[in-house]
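These notes are about the structure you will find just below.
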């Protein structure tokens, strides 16, 4: 998701109309300085991973690795017991 509010509206936690200059900055007499702080930034979920997400991903990868190295014994799912 992109941050589209201007820097002043974001800082003031006000709804920005996303115009440049926005109506809030114009009404405060700050129309000439209304801008995005460092330009619009992309804040996508995929670009921000938490340590918890990294731990979960590592755990899943370990599980997949262990599962691929297991040997299925007779009597387990998919391997019927040999008939006598």
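Residue numbers (the working numbering): 158 to 241. Idealized CB from N, CA, C, for every residue including glycine. The structure displayed is predicted, hence computed values, not measured ones.
Inset, instruction - Tell me whether residue 159 sits in a helix, a strand or coil according to DSSP, three-state version. - result: strand
Inset, instruction - Within its chain, find whatever has a CB closer than 8 angstroms to the CB of residue 166; leave out the 5 residues flanking it on each side and keep chain order. - result: 172, 173, 179, 181, 182
Legend entry - Per-residue DSSP class, three states only, for residue 197: Confidence at residue 197 is low in this model, with a pLDDT of 46, below 50, so the placement of that residue is unreliable and no value is reported for it.
Inset, instruction - Inspect the beta-carbon positions of residue 194 and residue 162 and report whether they are closer than 7 angstroms. - result: no
Legend entry - Backbone CA spacing between residue 209 and residue 215 [nearest angstrom]: 10 angstroms
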